[in-house]
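What follows is one structure encoded as structure tokens, with my remarks underneath.
In my numbering, the protein residues as written are 414 to 918.
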């Protein structure tokens, strides 16, 4: 369970990702709350209990991208699954999740966000039950694909509900909590999975990682029904079937080779898919432009992507998420295979990172008014300092100290990295969605979520490829250090991009 190959990489690789958006404009984008408090929303307002229910639903859909990682060896042994099938257990979730997220947001705008959230949650619970009862690799892969599709219907509604039912400081706090929830769920997913597998609850073994969702879904669904107001667009548009098919095809063509190609040895089909992706993406963009010019409402309106927050905020967010996911993968592999830690111990080594991420996400809304339009830049700068410290700590302590001592050396720079990342990511969420009108909150959230998924998969593929290329040549410790250095270089680029996020509204 602690070998490099299938488990850690396939999990990380499949689980996460976003791409990039269009050109930057000269229109300044504010990252700080306006000096005059925004008016309260004219419709229903989200209560504290409602926000808790939304965040609990977010935890379920986000954590399941990672929770299965450490269970893969046990799954392979019990079901007789080949490495390719184990890759699909992770990739199936990620691909269906990313391919359908924009459509899920659009359905929430049209038919009610709470209603779609509850339906997605019920589907997620049913698919989780099927995963836990799977008797063959094919059944498990099919259930994971269904689970990802349900998560795609569920997740966009949470952020869209926050966008439609909060304003001013309340929205800042809610977005901070949302960002903290996403980060902590990603960081702790593997820890919880390892604990559940190790506990072997009632002899269920790896199945507990899926079956635990069933009671949590029941509780969350009741909370959502009782505490979250149902919002929707006042002018719902008819479905864009062609747009949905083309976007889904483009996402599959991109994410399937990114998540499966490395394990399969980069076969011909992976390169064919990557070559076909730009064609599918161009066809999707062309249909969306044509539909909007004709006065119809496409699946992902180009005018939405042209909003200043989208244009300037999404590239920064994607670089952050790509580095985040790539780091989680290389850290999991390095700690387990380099220091000989078990899955649970390796996950616990990242606790300083996760705790600092959560703390800064909560503090972010209070710090942003003091930092003004430089909140994102300051956060990325802190993250960059932590990455530099992490490179030094790995290079200094990896091969010269005991494993426990090495973990202690890494704790402080890990906390600095987590604090910087948690400080700027929630603010970026606000920047991206700042200009999105309430009636399009669902599709805006879906577009942002799709970008996150593409970025995370790309980050794992690129940083993972670098790590695995260096591994046999210079050893695991140095390979880990050089991979962190590569992430630091991307943070330098991101630091420059963040300077374009200014006060100016």
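Heads up, the beta-carbon is just placed ideally off N, CA and C, and yes, glycines get one too. All of these numbers come straight from a predicted model, not from anything done at the bench.
- In the three-state reduction of the DSSP assignment, residue 466 falls in the helix class.
- Distance from the Cα of residue 830 is smallest, within the candidate group 767, 622 and 902, for 767.
- If you compare the alpha carbons of 642, 580, 537 and 672 with that of residue 568, the shortest gap goes to 537.
- Secondary structure at residue 897: helix, using DSSP grouped into helix, strand and coil.
- Scanning 889, 847 and 740 for the CA closest to the CA of residue 897 turns up 740.
- Membership of residue 674 in any alpha helix (DSSP H) is not indicated, and neither H nor E is assigned to it by DSSP.
- Annotation: residue 625 is outside any alpha helix (DSSP H) and is labelled neither H nor E by DSSP.
- By the Cβ criterion, the segment 840-855 is in contact with the segment 721-729, since at least three pairs of Cβ atoms, one from each stretch, lie closer than 8 Å.
- Rounded to the nearest angstrom, the gap between the Cα atoms of residue 893 and residue 759 is 14 Å.
- Apart from the 5 residues on each side of it in sequence, residue 847 sits with its Cβ closer than 6 Å to the Cβ of 722 in its chain, given in chain order.
- When the Cα atoms are used, residue 899 and residue 522 turn out to be separated by approximately 40 Å.
- The beta carbons of residue 598 and residue 870 sit no closer together than 8 Å.
- Contact between the segment 852-867 and the segment 568-581 is present, with at least three C-beta pairs closer than 8 Å.
- For residue 476, the closest alpha carbon among the candidates 622, 501 and 636 is that of 622.
- In this structure, residue 617 lies near residue 624, with their beta-carbon atoms less than 8 Å apart.
- Rounded to the nearest angstrom, the Cβ distance from residue 906 to residue 797 is 11 Å, too far for a contact under 8 Å.
- Nearest neighbour of residue 717 by Cα position, chosen from 819, 505, 519 and 488, turns out to be 519.
- For residue 530 against residue 839, the beta-carbon gap comes to about 20 Å, at or over 8 Å, which does not count as contact.
- Between the C-alpha atoms of residue 809 and residue 825 there is a straight-line separation of about 14 Å.
- Pairing residue 656 with residue 700 gives a Cβ-Cβ distance under 8 Å.
- Taking the Cα positions, residue 679 is about 26 Å away from residue 556.
- Per DSSP, the continuous alpha helix (DSSP H) segment holding residue 856 begins and ends at 854-887.
- Rounded to the nearest angstrom, the gap between the Cα atoms of residue 482 and residue 611 is 13 Å.
- If you draw a 10 Å sphere on the C-beta of residue 757, you find 16 or more other C-beta atoms in it, and that means buried.
- Of the residues 465, 901, 559 and 889, the one whose Cα lies closest to the Cα of residue 872 is 901.
- When C-alpha distances from residue 762 are compared across 807, 713, 820 and 738, the shortest belongs to 820.
- Our two residues, residue 499 and residue 764, have alpha carbons roughly 27 Å apart in a direct line.
- DSSP places residue 811 outside both helix and strand once states are collapsed to three, so it counts as coil.
- Taking C-alpha positions only, residue 681 is separated from residue 689 by approximately 12 Å.
- When rounded, the separation of the alpha-carbon atoms in residue 787 and residue 861 is 22 Å.
- The C-beta distance from residue 666 to residue 686 rounds to 5 Å, short enough to fall under 8 Å.
- Our two residues, residue 818 and residue 811, have alpha carbons roughly 9 Å apart in a direct line.
- In this structure, DSSP gives residue 491 a helical state, which the three-state scheme calls helix.
- Membership of residue 563 in the alpha helix (DSSP H) is indicated by the continuous run 550-578.
- Across the structure, residue 748 and residue 754 are spaced so that their CA atoms are roughly 6 Å apart.
- Residue 467 has its alpha-carbon roughly 33 Å from the corresponding atom of residue 486.
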